[in-house]
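Chains as they are written, first to last, in the working numbering: chain A, 312 to 574; chain B, 338 to 681.
No residue lacks a Cβ here, since even glycine has one placed at the ideal position from N, Cα and C.
Let me begin by presenting the structure, written as structure tokens, before commenting on it.
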């Protein structure tokens, strides 16, 4: 099966500091790819490069075999939707109108009936009916995160790029939001998601493949059981752990024990 | 249509209704204001008859309305609308509710130009009737040029614009203060008069040209509504993910707003509050969708300016209190009342 996104030899630097070095990977349809790594490993930078927020130092990104450097932002945003770690607003906007911004790439001026229906449907999908006409800036961090993810879903892209989507969510919400993403990427059309995440167990449970980023390079890329080994985790995160294979599904549990003292 | 969509459509219709009512109130008030003044007072019907030429009024009344009050009232409407639109655009594209058309330093540039003309006699256009206006306009355009230069830098952020604006305000302020230090009493008084903000300076011809420029720029402002919705809500990364290039859109919006501000302030002097308050008052009634916020801010701005000027002209007639002063005295408490009442 062909990849819907290919990153070829991409590099990015902040001044002299090379954050990403020769990154090569692809993502297939209906796949969730989780990016794991320590703080500063380049997870967020990689997502921002993919979405065109940061300009690549070198390399090429292709979506559906088309070079993104030859596409304008509207064309990219119809194919790819990036969800930042947090969105804070100084102005009061209704939740409905925030989700409606997801339709921005599809709207010229007037909001069509179809756009409204898509927004309503998405609001219901994320259980936000009671919040639809409440002010976004008055919601809790977790509620805001759900709204911003709902905005990305209303955008109807092929690829979702999530930067720490569960960081502000409580345990139940983490599972629910990830399950919605799993459902969206596994049933409807050719949708996929790339998720930068810190929670190794959430990644192991929901991702089809995992990328371990270490010092700006891909340290390992493969299925959770291939990548999340004791030695890889020790090398990348500097902790000892137990990896317990699950008995009822393909996911596994990682129990982190101690930090390894640096020599 | 489901219940959530229905409610959104209903809210939207209500907001359009509010904008329409505000427009009618402003139009009616402008007719009322045209009849009121220190020299003669007419009721609305008589004023209306003179304006549309049904009643053959005596020539003095007709002259007062056409030559004295109409330019002033038109200037209040256009000036209020332009400054309010500039304020709304700038707040949105900089993602900052504290911003007003004075933030970028355009008005400080204008003040420097006016001070150079009044105190130093340095004028770019020699004709004495328009020397101060021309100086104010050209020096405010120099600030617009600085903004354009700044916008060419790819790494420029919303904060950089605000900080550069504050720096410009300090620098020009220091130069103007130095000039004031050496100025004569007559020059000081003239400069103080300029900085109060007044609607009595532009002629009818000036006002008509200003109106053409402002009305001509409005569709461009409206065209950026969706981009502003995105930028105002979520900042730069959020904007990119929604297909908006924040750097280029912000640059274009700031140039347009600065230019609109220059056109008005060169003629009226320093009027700033309307550009801060009118957009916020509009946000309280129509929300943050710039497709509605821009027209609503324009109407609120016009009304605020017109109302303040009418009170300023009539309260202690024949003494006229400058509109800049009245705007802050009347608009300030009203603005605070609205904020506290609705956000309670």
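When the options are compared against residue i, the one with the closest alpha-carbon
i	options	result
residue 507 of chain A	A:317, A:351, A:327	A:351
residue 431 of chain B	B:355, B:564, B:610, B:608	B:564
residue 659 of chain B	B:665, B:653, B:649, B:675	B:649
residue 487 of chain B	B:477, B:475, B:502	B:502
residue 535 of chain B	B:384, B:579, B:609	B:609
residue 587 of chain B	B:543, B:341, B:495	B:495
residue 483 of chain B	B:513, B:595, B:665, B:562	B:595
residue 362 of chain B	B:613, B:529, B:633, B:674	B:633
residue 493 of chain A	A:481, A:514, A:510, A:474	A:514
residue 429 of chain B	B:583, B:551, B:651, B:341	B:583
residue 439 of chain A	A:427, A:425, A:426, A:407	A:407
residue 458 of chain B	B:590, B:550, B:521	B:521
residue 358 of chain B	B:671, B:637, B:439	B:637
residue 556 of chain B	B:672, B:601, B:419	B:419
residue 433 of chain A	A:445, A:451, A:467, A:361	A:467
residue 373 of chain B	B:676, B:672, B:657, B:664	B:657
residue 469 of chain A	A:389, A:564, A:534	A:389
residue 450 of chain B	B:469, B:440, B:464	B:469
residue 517 of chain A	A:531, A:523, A:487	A:487
residue 527 of chain B	B:665, B:455, B:509, B:416	B:455
residue 437 of chain A	A:384, A:426, A:465	A:465
residue 642 of chain B	B:481, B:511, B:614	B:614
residue 493 of chain B	B:387, B:585, B:415, B:605	B:585
Within-9 Å CB hit, residue i to chain A
i	result
residue 612 of chain B	no
residue 354 of chain B	no
residue 575 of chain B	yes
residue 589 of chain B	no
residue 549 of chain B	no
residue 346 of chain B	yes
residue 634 of chain B	no
residue 472 of chain B	no
residue 424 of chain B	no
residue 493 of chain B	no
residue 351 of chain B	no
residue 645 of chain B	no
Residue-chain proximity (residue i, chain B), Cβ-Cβ < 9 Å
i	result
residue 503 of chain A	no
residue 456 of chain A	no
residue 328 of chain A	no
residue 535 of chain A	no
residue 400 of chain A	yes
residue 380 of chain A	no
residue 354 of chain A	no
residue 407 of chain A	yes
residue 493 of chain A	no
residue 344 of chain A	no
residue 391 of chain A	yes
residue 413 of chain A	yes
residue 544 of chain A	no
residue 325 of chain A	no
residue 335 of chain A	no
residue 424 of chain A	yes
residue 394 of chain A	yes
residue 387 of chain A	yes
residue 318 of chain A	no
residue 428 of chain A	yes
Beta-ladder partner(s) of residue i, from DSSP
i	result
residue 620 of chain B	Note: residue 620 of chain B sits in no beta bridge, so no partner.
residue 300 of chain A	In the structure as shown, chain A starts at 312 and stops at 574, and residue 300 of chain A therefore has no counterpart that could be examined.
residue 564 of chain A	A:555
residue 446 of chain A	A:405
residue 393 of chain A	A:472
residue 383 of chain B	In DSSP, residue 383 of chain B forms no bridge with anything.
residue 369 of chain A	A:322
residue 570 of chain A	A:550
residue 328 of chain A	A:325
residue 344 of chain A	A:505, A:520
Near the ligand COA: residue i beta-carbon under 8 Å from a heavy atom
i	result
residue 565 of chain A	Absence of the ligand COA is noted for the structure shown, with no ligands found whatsoever.
*asked:* List, from N- to C-terminal side, the alpha helix (DSSP H) runs of 4 residues or more that fit wholly inside the stretch 645–672 of chain B.
replied: 660–663
*Contiguous beta strand (DSSP E) assignments of at least 3 residues, all confined to the stretch 495–547 of chain A*: 503–507, 520–525, 528–533
*Given a limit of 8 Å on CB to CB distance, which residues of the stretch 617–630 of chain B reach chain A?*
620, 624, 625, 626, 628
*Compile a chain-ordered list of the residues in the stretch 434–453 of chain A whose CB is closer than 8 Å to at least one CB of chain B.*
434, 435, 440, 443, 444, 447
*Any chance you could list the alpha helix (DSSP H) runs of at least 4 consecutive residues sitting entirely within the stretch 558–606 of chain B, in chain order?*
562–578, 583–605
*Return the residues of the stretch 504–531 of chain A that lie within a Cβ-Cβ distance of less than 8 Å from chain B, sorted by chain order.*
none
*Which residues, in chain order, does the stretch 557–570 of chain B contribute to contact with chain A at a C-beta distance below 7 Å?*
563, 566, 567, 569, 570
*When you check each C-beta in the stretch 355–369 of chain A against every C-beta of chain B, which residues fall closer than 9 Å?*
359, 362, 363, 364, 366
_Secondary structure, beta strand (DSSP E): runs of 3+ residues fully inside the stretch 418–472 of chain B_ = none
*Taking only beta carbons into account, state which residues of the stretch 422–451 of chain B come closer than 7 Å to chain A, listed in chain order.*
432, 433, 434
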